[in-house]
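The sequence shown begins at -18 in the numbering used here and counts up one residue at a time.
Don't be surprised by glycine CBs; every beta carbon is placed ideally from N, CA and C.
Here's the structure we're looking at; comments come further down.
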Amino acid sequence: MPCKVVAVCKDELRLRNCGMGHLPAEEFVKSQWQSRTKSTIFLLYRLALAIFFTAVVTNSIVVSVTSEDWAKYFIYLTHWGILMCMATSLVGAALVARWYFHPEYSDKICNCEEMPRAFKVYWMMHNITLILSICITIIYWAILHNAEMVVDANNILIHATNCVFMLLDLVIVAYPVRIWHVIQPICFGLLFCLFSVVYFLCGGTDK
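What follows is the structure in structure tokens.
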């Protein structure tokens, strides 16, 4: 057993796993738990997740934004994270819906020898969103939150349920998680840091 674990780890750490190629490509529009080629339950799940995160973002904007400082909504990592949750779930729902309702598209995906670009983009978005959601939840509740802060519905939705639902999604999806892909959320985090530095150097302020 230890030898098998070592072999699996060595294989996973090969440089070829740095890229965004994976076959069969249809694993990106299927659940690992479904037995049929197409699943109505998985389609409904994808649509429900997209609707949920869209509602969370909408509620967050309504609660957080005023006409005077609406642009400051975009300076917080929490809001970047929940926007990524929404974008990722919408793209995922669109791909599954197209796979489900368009037989010619599903035939093309099943017979492709290289993963479609849309799937590569979605995979990268999912990698970033998953790690980002976990980091936001841990940082907020372990470091930033204090007894004086109000724990309301919006607070829980953007600092807790984002992580819960992304971890749930990880258990449901059929495509793999690559260790080397941790570079993607790291780059996203560096992008946010660069944005924050430039923003404050230019005289930007928080709320």
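Exercise for the section: Please state if the CB of C66 and the CB of M147 are separated by a distance shorter than 8 Å. Expected result: Cβ atoms of M147 and C66: closer than 8 Å.
Would you mind stating whether Y103 and L76 have Cβ atoms separated by less than 8 Å?
-> yes
Margin query: My output table needs one value for V77: the three-state DSSP class, helix, strand or coil.
Written below: Correct three-state label for V77: helix.
Problem set entry | Limits of the unbroken alpha helix (DSSP H) element including F173 | Note, F173: alpha helix (DSSP H), I164 to L182.
Practice prompt. May I have the straight-line CA-CA distance separating R98 from L182, to the nearest angstrom?
Written response: In a straight line, the C-alpha of R98 is about 37 Å away from that of L182.
Check: With F108 and H162 assumed to form a contact (beta carbons below 8 Å), what rounded beta-carbon distance in angstroms separates them?
Finding: A small correction: the amino acid at residue 108 is Asn; Phe does not occupy that position in the sequence shown. About 5 Å separates the two Cβ atoms, so the contact holds.
D88 to L151, Cα distance in whole Å?
25 Å
- prompt: So, G62 versus N136, is the Cβ gap smaller than 8 Å?
  reply: The Cβ-Cβ distance between G62 and N136 does not fall below 8 Å.
Notebook entry, point to check: Tell me, which residues are paired with V154 by DSSP?
Noted result: S12
Put L24 into one of helix, strand or coil per three-state DSSP.
helix
(message) Can you give me the C-alpha to C-alpha distance between S45 and Y54, rounded to a whole angstrom?
(response) 7 Å
_With three or more beta-carbon pairs closer than 8 Å as the criterion, would you say the stretch 105 to 123 touches the stretch 34 to 41?_
A contact is defined here as three or more CB-CB pairs under 8 Å, and the stretch 105 to 123 fails this definition with respect to the stretch 34 to 41.
Candidates C(-1), E7 and I112: closest to C93 by CA position:
E7
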